[in-house]
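A.B. asks: Using full-length UniProt numbering, you'd call the opening residue of the sequence shown number 1 and step up by one each time.
C-beta atoms are modelled at their ideal positions from N, C-alpha and C, and glycine is treated no differently.
Source: prediction; values computed, not measured.
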Amino acid sequence: MASNIGWFGLGSMGLHMALNLQKHLQGNSLPPLHYSNRSMSKGQPLQDAGAIPESDFESLVQASDIIFTMISDDAVLDSLITRALTTNSLAGKTFIDTSTIHPDTAAATATRLAEKGATFIAAPVFGASTVAEAGKLIFAVAGPAAAIQRVEPLIQDVMGRRIIRLGEDVRRSSSLKICGNILVISFMEVISEAHIIAEKTGLGPALLEEFIGDMFGPVLQGYSARITSGSYAPSPEKGPGFAAALACKDMRHALAIAGANGASLPTVDVALGRLTAAREYAGECLDSAAVHGTARREAGLGFWNEACTWRN
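Structure follows, in structure tokens:
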């Protein structure tokens, strides 16, 4: 008998991922997706696509055999698992978290669920909301092998273009995700610094961005474009691709892991300081690239560049 699939978390990433999953289920004549969210109105596109709303997480867990989550931080996941543990038997259920959480949180979650006969898979994803919409995310997956084999058909070529298999220790996928975000945030920080020098010396952003593309390829050129297009400070209607608040959370995780292992991350430390200052100055509707706004202010320029069409 086909499994019932559940989804909780309908932010800019989660909604696109859940819609792709519902389309897959419908296209293969499988039971429709059950979903829930703190703000249920965000699920209207899912309901329109044939998914079934559940009033709360407890109801979602009871209705589902496999439960995906895409949430903002460790505290939210911990709260959801606590709520799940109050429901009827969890034996045989599989929980897959696709968020960025600390490795210790992943391990603790796996232990708590295993005590009730349930399975936990840590499956953080790489890619922005546009990549999620296209179903081209990269999943870093760790957990019991049999459970992963069971859920792979719901991921590969449905929500993601690749699955990186990292064994049974759920800490490993969380660690890889945080390492990946160290790279993303550090790239953004140093590209921002280069743009400051280009602007102050008169080279200009267009020339530098063209050079970045020629020298380092489209990925880093895309990071540059988040600065030059003004996307680091988007309008509330558009919203950020990688929210500043989430980036700060990820950087704190990275710095904590580095400290616990006798290492340092000076670039991440600078980026966290600049992004924190950006949030204090310009509010929460900011992308992780808003390190650039603070760097501009430090250099005697305005927080918003000429491409920013909305200013708080």
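#1: Within the same chain, show all residues whose beta-carbon is closer than 8 Å to that of G239, passing over the 5 residues directly before and after it, in chain order.
#2: Would you mind stating whether A233 and N181 have Cβ atoms separated by less than 9 Å?
#3: Grab me the residues of H253's own chain with a C-beta within less than 6 Å of its C-beta, minus the 5 sequence neighbours each way, in chain order.
#4: Between the C-alpha atoms of P53 and G27, what's the straight-line distance to the nearest angstrom?
#5: Alpha helix (DSSP H) containing G6: first to last residue?
#6: Using the beta-carbon count (16 or more within 10 Å), is Q156 buried or exposed?
#7: Quick check on the DSSP output: what are the complete beta strand (DSSP E) runs of length 3 or more inside the region 158-217, in order along the chain?
#8: For a test of the three-state rule: what should DSSP assign to I121, helix, strand or coil?
#9: Roughly how many angstroms lie between the CA atoms of I81 and L30, to the nearest whole one?
#10: Could you say if the region 288-304 and the region 223-232 meet the contact criterion of at least three C-beta pairs nearer than 8 Å?
#11: For F68 versus I5, is the C-beta distance shorter than 9 Å?
#12: Let me check one thing: in DSSP terms, what residues is F139 bridge-paired to?
#13: Should S39 and L10 be called a contact, given that it needs their Cβ atoms to be closer than 9 Å?
#14: Among residues of its own chain, excluding the 5 on either side of K116, which ones have a beta-carbon nearer than 8 Å to its beta-carbon?
#15: Note down, one range per segment and in chain order, each alpha helix (DSSP H) of at least 4 residues found wholly within the region 26-87.
#16: Excluding sequence positions up to five away, which residues of its chain have a Cβ less than 7 Å from the Cβ of M251?
#17: Of the choices A132, S99, S129 and A146, whose alpha-carbon is the least far from that of A118?
#18: Could you give the residue range of the beta strand (DSSP E) that holds T94?
#19: Taking DSSP's pairing of strands, which residues face A243 in a bridge?
#20: For T87, collect the residues of the same chain with a Cβ closer than 6 Å to its Cβ; drop the 5 residues on either side in sequence, then sort them by chain order.
#21: Kindly indicate which residue of D65, L19, S64 and S175 has the alpha-carbon position closest to the one of Q44.
#22: Relative to the C-alpha of A128, which residue among W310, G241, A263 and A245 is closest?
#23: Within the continuous alpha helix (DSSP H) that includes residue 316, where are the two ends?
#24: Please look up how many angstroms separate the CB atoms of F8 and S36, rounded, as I've assumed it's under 8 Å.
#25: Are F139 and G167 touching if we call contact CB-CB under 9 Å?
#26: Would you tell me roughly how many angstroms separate the C-alpha atoms of S173 and R297, rounded to the nearest one?
#27: If R279 and A256 are in contact, beta carbons under 8 Å, what's the gap, nearest whole angstrom?
#28: Report the rounded CA-to-CA distance for R112 versus S79, giving the unit in angstroms.
#29: Do you know offhand how far T109's Cα is from L176's?
C.D. replies: Reading off the structure:
#1: Translated into the one-based positions of the sequence shown, residue 239 becomes position 239. So the list reads S12 and C285, once near-sequence residues are dropped.
#2: Along the sequence shown, read from residue 1 onward, the residue named residue 233 stands at position 233. Along the sequence shown, read from residue 1 onward, the residue named residue 181 stands at position 181. For A233 and N181, no; Cβs fall outside 9 Å.
#3: Within the sequence shown, the letter at position 253 stands for residue 253. The residues are H102 and I178.
#4: For this step, residue 53 is matched to residue 53 along the sequence shown. For this step, residue 27 is matched to residue 27 along the sequence shown. Going by the C-alpha atoms only, they are around 19 Å apart.
#5: Position 6 of the sequence shown, counting from 1, holds the residue named residue 6. From DSSP, G6 is part of no alpha helix (DSSP H) but of the beta strand (DSSP E) over I5 to F8.
#6: Along the sequence shown, one-based indexing puts residue 156 at 156. Exposed, by the Cβ-count rule.
#7: 160-165
#8: For the purposes of this step, residue 121 is taken as the residue at position 121 of the sequence shown. Three-state DSSP puts I121 in a strand.
#9: On the sequence shown, position 81 is the one that residue 81 refers to. On the sequence shown, position 30 is the one that residue 30 refers to. The straight-line gap from Cα to Cα measures roughly 26 Å.
#10: yes
#11: Along the sequence shown, one-based indexing puts residue 68 at 68. Along the sequence shown, one-based indexing puts residue 5 at 5. Cβ atoms of F68 and I5: closer than 9 Å.
#12: Here residue 139 is taken as the residue at index 139 of the sequence shown, counted from 1. Listed as beta-bridge partners of F139 by DSSP are V125 and I163.
#13: Position 39 of the sequence shown, counting from 1, holds the residue named residue 39. Position 10 of the sequence shown, counting from 1, holds the residue named residue 10. Yes, the Cβ-Cβ distance between S39 and L10 is below 9 Å.
#14: For this step, residue 116 is matched to residue 116 along the sequence shown. If we look at K116 and ignore the five residues flanking it on each side, its Cβ neighbours are L85, S89, L90 and A91.
#15: 44-48, 57-63 and 74-84
#16: On the sequence shown, position 251 is the one that residue 251 refers to. Same-chain partners within the cutoff: I185, V268, A271 and L272.
#17: Here residue 118 refers to the residue found at position 118 when the sequence shown is read from its first residue. Checked all of A132, S99, S129 and A146; the closest Cα to A118 is A146.
#18: Within the sequence shown, the letter at position 94 stands for residue 94. Element bounds for T94: T94 to D97.
#19: Reading the sequence shown from its first residue, position 243 is the one you call residue 243. D287.
#20: Working through the sequence shown from its first residue, we reach residue 87 at position 87. So the qualifying residues of the chain are E58, V61 and Q62.
#21: As a first step, residue 44 is located in the sequence shown; it is residue number 44 there, counting from the start. With distances taken between Cα atoms, Q44 lies closest to L19.
#22: By one-based count along the sequence shown, residue 128 stands at place 128. For the residues W310, G241, A263 and A245, the minimum Cα distance to A128 belongs to G241.
#23: Because residue 316 is not part of the residues shown, which for the chain are 1 to 312, the question remains open.
#24: To locate residue 8, count along the sequence shown from 1; it is residue 8. To locate residue 36, count along the sequence shown from 1; it is residue 36. Correct: roughly 5 Å between the Cβ atoms.
#25: Sequence index remark: in the sequence shown, residue 139 carries index 139 (1-based). Sequence index remark: in the sequence shown, residue 167 carries index 167 (1-based). No; because the gap between Cβ atoms is not below 9 Å, this pair is not in contact.
#26: Residue mapping note: residue 173 aligns to position 173 of the sequence shown, counting from 1. Residue mapping note: residue 297 aligns to position 297 of the sequence shown, counting from 1. Roughly 37 Å separates the two Cα atoms.
#27: Here residue 279 refers to the residue found at position 279 of the sequence shown. Here residue 256 refers to the residue found at position 256 of the sequence shown. Contact between R279 and A256 does not hold, since their C-beta atoms are separated by about 19 Å, which reaches or exceeds 8 Å.
#28: As a working mapping, residue 112 is identified with position 112 in the sequence shown. As a working mapping, residue 79 is identified with position 79 in the sequence shown. Approximately 12 Å between the Cα atoms of the pair.
#29: The sequence position of residue 109 within the sequence shown is 109, counting from 1. The sequence position of residue 176 within the sequence shown is 176, counting from 1. Their backbone Cα atoms lie some 18 Å apart in a straight line.
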